[in-house]
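Visitor: Here it is: the structure, laid out below.
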Amino acid sequence: MKLQDWITLVVLAAIWGGSFLFTRIAVPELGAVALAGCRVIGAALFLLPLLAWQRQLNGLRTYAGRLLLVGLTNSALPFACYGLAALVLTGGVLSVVNATAPLWTMVIAWLWLGERPGRGPVLGLALGVCGVAWLVADQAHLPTGQAGVSTGLGLLACLCAPLLYGFSANLSRRHMNGVPAMVQATGSQLAAGLWLLGPTCWMWPTHALTPTAWGATAALAIVCTGVAYVLFFRLINRIGASRAVTVTFLIPVFAMAWGSWWLHETITPTMLMACGVILLGTGLVTGALRWPLR
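Quick note: the sequence shown, position 204, residue 203 per numbering that gives the first Met the number 0, numbers continuous.
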């Protein structure tokens, strides 16, 4: 990897780590569903001109049916889940659980596509599950969060999001082969916006939003989703998907740092140790680490 690729990788991790910060800032005012709706609609409006510039708008019509399903499972539902979880959990915890997405991708590929994993990935899955259980046990004592969201509901929503990512990844592998990357990125956000447009209008807050909430929402949509997608697919084109996915390991570092710096979130030793176990498991599953470790 060249220096430019490393810089892009770190910047992308910082941006995606910031998504949990902006979610924590905006969701108390907008609510989980409305925030998710604003995020995907804003991202779609940002990406559509880029897709038009590349003269790939016809791809949206060609793959419309598949994009609707991918948009639901890869954006609409996970973003709403993380918004709900952010009412009670810190951004650091959200980002650590988010890092388990490759684990669930492997499990679903095993159960659905019949891709039997080797010993290393199986060990990685076991470590990841143990890390998640450890983290959940550490967070279970938290009091009820904002909007009356219980800790149990927040943890359940947080766990559902990476599971949905895992399902969507396998769905894309099976049914989205040959779909241009920007068509998939733009189409999934546009489709997610269609799914969430009605619920967003229905659940829109009755009070006026503060400039802080609007700013966090705009950053979440344009920077953490639109710009991040462009950087991620550019990185895949330059260094390949297997290397680009290592951004997963850096996201919790930035998410914890941003949360601690801006929102004074507490980073506990248990969080750090559970994060280490989960990332070790993710490394074994993705192939970034090999078993036996060397």
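Positions of the beta carbon are idealized from the N, C-alpha and C atoms, including for glycine.
1) Which whole runs of the alpha helix (DSSP H) in the segment 23–66 are 4 residues long or more, in chain order?
2) State the Cα-Cα distance for the pair T247 and V96, rounded to the nearest angstrom.
3) Taking the beta carbon of R65 as the centre, do at least 16 other beta carbons fall within 10 Å, making it buried, or is it exposed?
4) Within 8 Å, do at least three Cβ pairs link the segment 203–213 to the segment 54–62?
5) Between which residues of its own chain and F19 is the CB-CB distance below 6 Å, once the five residues before and five after are set aside?
6) Alpha carbon to alpha carbon, what distance is there between W109 and R115?
7) Relative to the C-alpha of C79, which candidate in S167, A98, R173 and G36 has its C-alpha closest?
8) In terms of residues, what are the limits of the alpha helix (DSSP H) holding N169?
9) Would you mind working out which of H174, S187 and I14 sits nearest L71, comparing C-alpha positions?
10) Counting along the chain, where does the alpha helix (DSSP H) carrying C129 start and finish?
11) State the CB to CB distance for the pair V135 and T99, rounded to an integer number of angstroms; the pair is presumed to be in contact (CB under 8 Å).
12) Tell me which residues share the same chain as Q55 and place their Cβ nearer than 7 Å to its Cβ, disregarding the 5 neighbours each side in the sequence.
13) If I'm right that A184 touches L29 with Cβ under 8 Å, what's the distance once you round it to whole angstroms?
14) Between the alpha carbons of F166 and T104, how many angstroms are there, rounded?
15) If you draw a straight line from the C-alpha of A85 to the C-alpha of L50, how long is it?
16) Is DSSP giving W203 helix, strand or coil here?
17) Rounded to whole angstroms, what is the Cα-Cα separation between V252 and G275?
18) Inspect the beta-carbon positions of T285 and P101 and report whether they are closer than 7 Å.
19) Within 10 angstroms of its Cβ, does A295 collect 16 or more other Cβ (buried), or is it exposed?
20) Quick one, which of G113, I238 and G282 has its alpha-carbon nearest M0's?
21) What would DSSP say about T281, mapped onto helix, strand or coil?
22) Short of 7 Å in beta carbon distance, which residues of its chain neighbour L11, apart from the five on each side in sequence? Order them along the chain.
23) In angstroms with no decimal places, state the Cα-to-Cα distance between A215 and L2.
24) Using the C-alpha atoms, what's the distance from N236 back to W300?
25) Please go through the same chain and pick out, in chain order, the residues whose beta-carbon is closer than 6 Å to the beta-carbon of A168, but skip the five residues on each side of it.
Guide: Considering the structure as presented:
1) 31–52 and 57–61
2) As a working mapping, residue 247 is identified with position 248 in the sequence shown. As a working mapping, residue 96 is identified with position 97 in the sequence shown. So the alpha carbons of these two residues sit roughly 11 Å apart.
3) Taking the first residue of the sequence shown as position 1, residue 65 is located at position 66. Buried is the call here.
4) no
5) Mapped onto the sequence shown, residue 19 falls at position 20. So the list reads G90, L93, S94 and A254, once near-sequence residues are dropped.
6) What you label residue 115 is simply residue 116 of the sequence shown in a count that begins at 1. What you label residue 109 is simply residue 110 of the sequence shown in a count that begins at 1. Straight-line Cα distance between these residues: approximately 5 Å.
7) As a working mapping, residue 79 is identified with position 80 in the sequence shown. A small correction: the amino acid at residue 79 is Ala; Cys does not occupy that position in the sequence shown. The candidate whose alpha carbon is nearest that of A79 is G36.
8) As a working note, residue 169 is residue 170 in the sequence shown. Element bounds for N169: T150 to H174.
9) Taking the sequence shown and counting its residues from 1, the one referred to as residue 71 is at position 72. Cα-wise, what sits closest to L71 is S187.
10) In the sequence shown, residue 129 corresponds to position 130, counting from 1. First-last of the alpha helix (DSSP H) with C129: R118 to Q138.
11) On the sequence shown, position 136 is the one that residue 135 refers to. On the sequence shown, position 100 is the one that residue 99 refers to. That pair is no contact at about 11 Å.
12) Within the sequence shown, residue 55 is the residue found at index 56, counting from 1. These residues qualify, in order along the chain: P179, M181 and V182.
13) Here residue 184 refers to the residue found at position 185 of the sequence shown. Here residue 29 refers to the residue found at position 30 of the sequence shown. Wrong, their Cβ atoms sit about 23 Å apart, outside the cutoff.
14) Residue 166 sits at position 167 when you count from the first residue of the sequence shown. Residue 104 sits at position 105 when you count from the first residue of the sequence shown. About 6 Å.
15) Within the sequence shown, the letter at position 86 stands for residue 85. Within the sequence shown, the letter at position 51 stands for residue 50. Rounded to the nearest angstrom, the two C-alpha atoms are 32 Å apart.
16) Counted from its first residue, the sequence shown places residue 203 at position 204. W203: coil per DSSP, three-state reduction.
17) The count along the sequence shown starts at 1 and reaches residue 252 at position 253. The count along the sequence shown starts at 1 and reaches residue 275 at position 276. Each residue's Cα considered, the two are about 11 Å apart.
18) Working through the sequence shown from its first residue, we reach residue 285 at position 286. Working through the sequence shown from its first residue, we reach residue 101 at position 102. In contact: T285 and P101 (Cβ atoms closer than 7 Å).
19) It is not possible to answer for residue 295, since the shown part of the chain is limited to 0 through 293.
20) Reading the sequence shown from its first residue, position 1 is the one you call residue 0. The option with the nearest alpha carbon to M0 is I238.
21) Here residue 281 is taken as the residue at index 282 of the sequence shown, counted from 1. Of the three classes helix, strand and coil, the one that applies to T281 here is helix, per DSSP.
22) Along the sequence shown, read from residue 1 onward, the residue named residue 11 stands at position 12. These residues qualify, in order along the chain: A227, L230, F231, L234 and V246.
23) On the sequence shown, position 216 is the one that residue 215 refers to. On the sequence shown, position 3 is the one that residue 2 refers to. Going by the C-alpha atoms only, they are around 30 Å apart.
24) Not covered by the structure: residue 300. The range shown for the chain is 0 to 293.
25) Taking the first residue of the sequence shown as 1, we reach residue 168 at position 169. Around A168: T104.
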